[in-house]
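Numbering (this note's numbering), first residue to last: 792 to 860. Below you'll find the structure, written out as structure tokens, and then a few comments.
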């Protein structure tokens with residue numbers, strides 16, 4: 792899984808948006824990419840729903856479910 796993430800990172804960020812002027816520009820680009828990847832991207836295994844939205848729906852569903860002893 793780490794290899795797949797690394798390949799995606801290189802293809803989407805490094806290959807398309809570089810080269811950068813300085814370290815700060817790289818740091819901002821990496822932060823923005825990971826923020827997008829972890830919260831906003833459409834994920835096929837989640838029914839093409841962003842991870843944040845899927846997690847919110849999951850917890851909302853648990854709150855509405857009856858508790859067993």
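From the three backbone atoms N, C-alpha and C, an ideal C-beta is built for every residue, glycine too. Nothing here was measured: the structure is a model prediction, and the numbers come from that model.
Residue 812 versus residue 818 - alpha carbon distance: Working through the chain shown from its first residue, we reach residue 812 at position 21. Working through the chain shown from its first residue, we reach residue 818 at position 27. Distance between the alpha carbons of residue 812 and residue 818: 11 Å.
Straight-line CA distance for residue 829 to residue 854? Indexing the chain shown from 1 puts residue 829 at position 38. Indexing the chain shown from 1 puts residue 854 at position 63. Near 23 Å, if we compare the C-alpha coordinates of residue 854 and residue 829.
Grab me the residues of residue 833's own chain with a C-beta within less than 8 Å of its C-beta, minus the 5 sequence neighbours each way, in chain order. For the purposes of this step, residue 833 is identified with residue 42 of the chain shown, where counting begins at 1. 839, 840, 841.
Taking the alpha helix (DSSP H) that residue 837 falls in, what are its first and last residues? Taking the first residue of the chain shown as 1, we reach residue 837 at position 46. Careful: residue 837 lies outside any alpha helix (DSSP H) and carries neither H nor E.
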